[in-house]
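Only one structure is covered here, and it is reproduced in the block below.
Residue numbers (the working numbering): 301 to 630.
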């Protein structure tokens, strides 16, 4: 982005008790507007999903941690009984590195015609260009990458447990979003690319995993776990999908998260949603934070400070709960 082994019987008992506990909790969460029961979002579980990714190391394309993390995501989504598709492709970066990339797509209720697309990127920045030291080393990317993936994994887990949606949900983990370019080393993109950023979404938007695939709308999550985060209305989202912005920000305010989803206008950011709008023709918004004091992505952005210390369960909960309320009200 960016411009801006126990016995089967015991296991069964544990799973039954867990499901009953979570379903009981969900009865306490009522959507005031429509009296719709929405399953609870488990921020502790989302946090553990973020932590797991970070434990593999920086998920830089062509590296072992990247490969291990990709396999983990496929296995985790498959274990939740989602239909998983891997989209392998190659791309050349601004510094002439050939990357072997894969978008990971998971689908729930594949036969449903009405679908909602949720997305995040799962790769991490190969250099800490905004840091004062170790600038050539990759970052952990706890917020920039892992947080959005963690929230969506927890949403997928929740949907599987309750299995009550009549609509279809597709989750895409885009690869190659954050290699981009270094400050002062920009060049004109080649090989049909419009930007050196967002390689996975550019590829998928022109080569969908299913011919003629479409979705009612999309929601992109990027850097959604930072402490005290605020999410203003991103510029391209407001321009290209204003009704979806209104749907999400209104729902956030209605369930008590208006202090996170603020009603101020943010800048236009070249992120994965831009290419989904432009080429896939799906109205997609971007939930992405900016610092109200200077419009930046925060002091930890593209630095080694982007680790688990900055991840907030409260922020993960605000975003995850809001997205669940949106989709369960469709």
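Here a beta-carbon is modelled for each residue, glycine too, at the ideal position from N, C-alpha and C.
At the C-beta level, residue 572 and residue 439 stay beyond 8 Å of one another. A residue is called buried when at least 16 other Cβ atoms come within 10 angstroms of its Cβ; residue 507 does not meet this threshold and is exposed.
Counted as a single uninterrupted DSSP element, the beta strand (DSSP E) harbouring residue 518 occupies residues 517-521. Residue 429 sits in coil when the DSSP states are folded into three classes, being neither helix nor strand.
Between the region 482-493 and the region 368-385 there are fewer than three inter-stretch CB-CB distances shorter than 8 Å, so the stretches are not counted as touching. Note that the C-beta distance between residue 499 and residue 587 is not below 8 Å. Residue 353: member of the alpha helix (DSSP H) spanning 343-355, first to last residue. Note on geometry: alpha-carbon atoms of residue 435 and residue 536 lie some 30 Å from one another. Taking 8 Å as the upper bound for CB-CB distance, residue 377 and residue 384 are in contact here, some 5 Å apart. Under DSSP, the beta-bridge partners assigned to residue 474 are 421.
Bridge partners of residue 407 according to DSSP: 383, 470. When DSSP states are grouped into helix, strand and coil, residue 388 belongs to the strand group. Burial is judged here by how many other beta carbons sit within 10 angstroms of a residue's own beta carbon; residue 470 has at least 16 and is buried. No residue range can be given for residue 609, since it is assigned to no beta strand (DSSP E) and is classified by DSSP as neither H nor E.
Distance from the Cα of residue 608 is smallest, within the candidate group 525, 569, 628, for 525. Counting the other Cβ atoms within 10 Å of the Cβ of residue 545 gives 16 or more, which makes it buried. If you look at residue 555, you'll find it isn't in any beta strand (DSSP E); DSSP assigns it neither H nor E.
Following the DSSP letters along the chain, one finds residue 444 in no beta strand (DSSP E), marked with neither H nor E. Burial is judged here by how many other beta carbons sit within 10 angstroms of a residue's own beta carbon; residue 563 has fewer than 16 and is exposed.
Look at residue 595 here: in three-state DSSP terms it is coil, with no helix or strand label. In the three-state DSSP reduction, residue 401 falls in the strand class (E or B). Between the region 548-559 and the region 591-598 there are fewer than three inter-stretch CB-CB distances shorter than 8 Å, so the stretches are not counted as touching. When only Cα atoms are considered, residue 513 and residue 433 end up about 45 Å apart. The residues 374, 402, 404, in chain order, have a CB closer than 7 Å to that of residue 386 in the same chain once the five nearest residues on each side in sequence are set aside. Contact between residue 540 and residue 338 is absent: CB atoms are separated by about 27 Å, not below the 8 Å threshold.
Residue range 584-587 is occupied by the beta strand (DSSP E) that includes residue 587. Residue 473 and residue 422 do touch by the CB rule: their CB atoms are close to 4 Å apart, below 8 Å.
Secondary structure of residue 567 (DSSP, three-state): coil. Separation of the CB atoms of residue 515 and residue 416 is rounded to 6 Å, and the pair is thereby assigned contact status at 8 Å. Just measuring C-alpha positions, the residue of 612, 627, 492, 600 sitting nearest residue 347 is 612. As the crow flies, the alpha-carbon of residue 477 is around 18 Å from that of residue 509.
Runs of the beta strand (DSSP E) spanning 3 or more residues and lying entirely within the region 498-548 occur at 517-521, in chain order.
A direct Cα-to-Cα measurement between residue 409 and residue 463 gives close to 9 Å. With respect to residue 534, residue 582 sits apart: the two C-beta atoms are not nearer than 8 Å.
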